[in-house]
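Beneath this line is the structure, given in structure tokens, with notes to follow.
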Amino acid sequence: MRKIFYKGLWAENPILMQLLGFCPALAVTTSALNGLSMGLATSFVVVTSGVVVSLVRKLIPDQVRIPVFTIIIATFVTVVDIILKAYFPAISTELGPYVPLIVVNCIILGRQEVFTSKNPVHLSILDTLGMGLGFTWVLVLLGSIRELLGLGSVFGFQVMPSSFETWIVMLLPGGAFITLGLIAALYNYLNQSDRRKA
Amino acid sequence: MSSLLTIFISAVLVNNFLLYYFLGICSFIGVSSKMESSFGMGMATTFVMTMTAMITWPLYHYLISPETGLNLPFLEYVIFILVIAALVQFVEMFLKKFFHSLYKALGIYLPLITTNCAILGMALFIVIRDYNYLESIVFGFGAGLGFTMVIVIMAGIREEYAYSPVPAVFRGAPLALLTAGMLALSFMGFSGMIAP
Chain A
35 MRKIFYKGLW AENPILMQLL GFCPALAVTT SALNGLSMGL ATSFVVVTSG
85 VVVSLVRKLI PDQVRIPVFT IIIATFVTVV DIILKAYFPA ISTELGPYVP
135 LIVVNCIILG RQEVFTSKNP VHLSILDTLG MGLGFTWVLV LLGSIRELLG
185 LGSVFGFQVM PSSFETWIVM LLPGGAFITL GLIAALYNYL NQSDRRKA
Chain B
12 MSSLLTIFIS AVLVNNFLLY YFLGICSFIG VSSKMESSFG MGMATTFVMT
62 MTAMITWPLY HYLISPETGL NLPFLEYVIF ILVIAALVQF VEMFLKKFFH
112 SLYKALGIYL PLITTNCAIL GMALFIVIRD YNYLESIVFG FGAGLGFTMV
162 IVIMAGIREE YAYSPVPAVF RGAPLALLTA GMLALSFMGF SGMIAP
């Protein structure tokens, strides 16, 4: 049971291990807060759609399962979009079209296909929650690094001394690709040294 | 006319879907290791993108839009994703029946396109930027061409370093991401072409 939850955080991390969901990870992480909001919005969608898919899994004919999953996911993304627009208009503007694009985040469809359509509800919640949080922490880390070097702050708090020369490149697309590439290499390095010890 | 040209160049080079909006990265990292298959993927994507622009524009303006349609904005995402999935399915059947050689050339890449976020992203951008019908089609076509160009360049670079002695931890995705980063930096050179 515990393993089902924890595997999403590290061993089968959706971004670093499964290499899914790069688009939102790169696009919105110009600040730590944006990364956190995108991570939580995606987690909400993956958990709620996972619960629904798991509940109706025996009613869906195999041939039409992908369209059915997609409609369920699109419904919950619409819910998130409306909630964000109503209660957090600033975040909604900041994330822009990347909120509706959660629909085509492969992590979410992937979990339905691999796990929730074959497992009972309580296990599905653990699995999707682990994947959602595994996605979220990578986004927060990526957002923090880019915000720290690009603006000198983290979550809007000034960290660097005012003499710090900000790296504009970190806020541009190039900086996003390179930072995530280095994080992925570090992840491989840590896994490799783990294996050597074992 | 000049606005159409601006939209086209902007979609292909300046605000490239892959390197500027990060749309379609999954297929970019996953597929772009061989030039031939990258080109097939790019062509199939361009085709579906142009068709999607043609179909979602009237759907949005006569069905979803609060001003000119039936005011169903909460159905926007569901309708768009269904249109794209159905379209890919249709295109596949149509090509299989009438253009069998092209169908064979595209092969597995056709069904994969449904989950390419660049397509849905393009449909959403058309709505956000309020393009007219012709502009939407030009935008969809340009975005597809831009996607094809970058995915083929990327495949060329990856073919070059496929057998290089790269440190083990960088092999695969990390190196692909770093390469994409360099490409994105060099594509920034185009940003002066169009006044913001």
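These protein sequence lines map, in sequence, to chains A and B. Numbering of the first sequence is given in the numbering used here, commencing with residue 35 and proceeding in unit increments. Numbering of the second sequence is given in the numbering used here, commencing with residue 12 and proceeding in unit increments. We put the beta carbon where it would ideally sit given N, CA and C, even for glycine.
Exposed unless 16 or more other CB atoms sit within 10 angstroms - verdict on residue i
i               : result
M62 of chain B  : buried
M193 of chain B : exposed
V177 of chain B : exposed
F109 of chain B : exposed
D96 of chain A  : exposed
D228 of chain A : exposed
H145 of chain B : The displayed chain sequence assigns Leu, not His, to residue 145 of chain B. With fewer than 16 other Cβ atoms within 10 Å, it is exposed.
E31 of chain A  : With chain A covering only 35 through 232, there is no way to say anything about residue 31 of chain A.
M165 of chain A : buried
F58 of chain B  : buried
N27 of chain B  : buried
V197 of chain A : At residue 197 of chain A the sequence reads Ser, which differs from the Val that was named. Classification for S197 of chain A: exposed.
D141 of chain B : exposed
L191 of chain B : This sequence places Ala at residue 191 of chain B; Leu is not what is there. By the 10 Å Cβ count, A191 of chain B comes out buried.
Q146 of chain A : buried
V89 of chain B  : buried
V64 of chain B  : In the sequence as presented, Val is not what sits at residue 64 of chain B; that position holds Ala. Its Cβ being crowded by 16 or more others within 10 Å, A64 of chain B is buried.
S14 of chain B  : exposed
F85 of chain B  : exposed
V114 of chain A : buried
S112 of chain B : exposed
E47 of chain B  : exposed
Contacting residues, own chain, Cβ-Cβ under 6 Å from residue i (five flanking each side not counted)
i               : result
T150 of chain A : G84, V87, S88 and S158
L205 of chain A : T64 and G184
R91 of chain A  : S151
F201 of chain B : L24 and V25
Neighbourhood of residue i by C-beta distance below 7 Å, restricted to the same chain and skipping five residues each side
i               : result
I107 of chain A : V79, S83, V137, I142 and L143
K119 of chain A : S126
H72 of chain B  : T79 and G80
T125 of chain B : I95, A96 and V99
C37 of chain B  : none
Q41 of chain A  : Going by the sequence as given, residue 41 of chain A is Lys instead of Gln. Cβ neighbours of K41 of chain A beyond the five flanking positions: G164.
I179 of chain A : T213
A22 of chain B  : F150, G153, A154 and G157
G35 of chain B  : F28, L29, N127, C128, A129 and F158
R99 of chain A  : S151
Contacts that residue i makes with chain B (C-beta to C-beta distance below 9 Å)
i               : result
G215 of chain A : F181, A184, P185, L186, A187, L188, L189, T190, A191 and G192
G208 of chain A : L30, A191, G192, M193, L194, A195, L196, S197, F198 and M199
P134 of chain A : E87, Y88, F91, L131, G132 and L135
N222 of chain A : A179, V180, F181, R182, G183, A184 and P185
Q226 of chain A : A179 and V180
I179 of chain A : Within chain B, no residue comes near I179 of chain A; the closest Cβ sits about 14 Å away, beyond 9 Å.
I117 of chain A : Within chain B, no residue comes near I117 of chain A; the closest Cβ sits about 12 Å away, beyond 9 Å.
Contacts around residue i, its chain only, beta-carbon distance under 8 Å, and the 5 residues preceding and following it disregarded
i               : result
V111 of chain A : V79, V133, P134, I136 and V137
K45 of chain B  : A166 and E170
Y31 of chain B  : V25, A195 and F198
P58 of chain A  : M72, T76, Y132, L135, I136, N139 and L173
Q192 of chain A : G186
T104 of chain A : V137 and L143
P154 of chain A : S88
L160 of chain A : M35, I38 and F39
Listed by chain order, chain A residues near residue i by CB distance under 7 Å
i               : result
F19 of chain B  : Correct list: empty, because the minimum Cβ distance to chain A is about 20 Å.
Y32 of chain B  : A61
A96 of chain B  : P101 and T104
I139 of chain B : P131
I36 of chain B  : F56, C57 and L60
I40 of chain B  : L53 and F56
Chain-ordered neighbours of residue i on chain A, where CB pairs are closer than 9 Å
i               : result
F150 of chain B : Those do not exist, as F150 of chain B stays about 14 Å from chain A at its closest Cβ, beyond 9 Å.
F50 of chain B  : Chain A residues near F50 of chain B: none, gap ~21 Å exceeds 9 Å.
I164 of chain B : Per Cβ cutoff of 9 Å: no residues; I164 of chain B is ~14 Å from chain A at best.
Beta-carbon neighbours of residue i, restricted to chain A and to distances below 8 Å
i               : result
T126 of chain B : V138, C140 and L143
I168 of chain B : Chain A residues near I168 of chain B: none, gap ~13 Å exceeds 8 Å.
Contact set between residue i and chain B, taken where Cβ atoms lie within less than 7 Å
i               : result
A108 of chain A : Y88, V89 and I92
V111 of chain A : Y88
Every unbroken alpha helix (DSSP H) within the stretch 184-228 of chain A, with a cutoff of 4 residues, ordered by chain: none
Ranges of the beta strand (DSSP E) found wholly within the stretch 55-135 of chain A, counting only runs of at least 3: none
Inter-stretch contact at 8 Å, needing at least 3 Cβ pairs: the stretch 49-63 of chain B / the stretch 146-165 of chain B: yes
Every unbroken alpha helix (DSSP H) within the stretch 25-99 of chain B, with a cutoff of 4 residues, ordered by chain: 36-42 and 46-70
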